[in-house]
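>
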Amino acid sequence: MDLSLSTRSVGDRTVVEVGGEIDVYTAPKLREQLVELVNDGKYHLVVDMEGVDFLDSTGLGVLVGGLKRVRAHEGSLRLVCNQERILKIFRITGLTKVFPIHTSVDDAVNATD
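Numbering of the sequence shown is given in full-length UniProt numbering, commencing with residue 1 and proceeding in unit increments.
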């Protein structure tokens, strides 16, 4: 399966909608998108993962790298995910302590974390 990406602005946040699988083959596409956004001065990102079917360690690494990039500019990276199988990966790896994870884009955009 392929990876689909689209971006839109919601207030001062940039929402990246991700669909499909984030794995060793598709993760570079997501990495490029995040790097491009940061290079364009977008430091407050929301990654909407509601359409993600699969996430592996490479995908996790891309998200952590994106978080480091925005934090270098005093920015933020919030995730939107309500799929138990994907949330379980974040819990097992301890990344629920690193990423703010929200159940909807509205919650993520309006959060004060």
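Glycine is no exception: its CB is placed at the ideal position from the N, C-alpha and C atoms.
#1: Identify the continuous alpha helix (DSSP H) that holds D107 and give its terminal residues.
#2: Less than 7 Å between C-beta atoms, sequence neighbours within five positions excluded: which residues of the same chain meet that for M49?
#3: Compute the beta-carbon to beta-carbon distance between D53 and T26, rounded to the nearest angstrom, for a pair I have assumed lies under 8 Å.
#4: For the beta strand (DSSP E) that contains E21, what are its first and last residues?
#5: If you scan the stretch 58-97 from start to end, which runs of the alpha helix (DSSP H) of 4 or more residues do you find wholly inside it?
#6: Who does V10 pair with in a DSSP beta bridge?
On the basis of the data shown:
#1: D107: member of the alpha helix (DSSP H) spanning V105 to N110, first to last residue.
#2: Answer for M49: V18, L79, V80, C81 and I86, listed in chain order.
#3: Not confirmed; about 11 Å, so no contact.
#4: For E21, the enclosing beta strand (DSSP E) covers residues R13 to I22.
#5: Qualifying alpha helix (DSSP H) stretches, in chain order: 84-93.
#6: Per DSSP, the beta bridge partners of V10 are R13.
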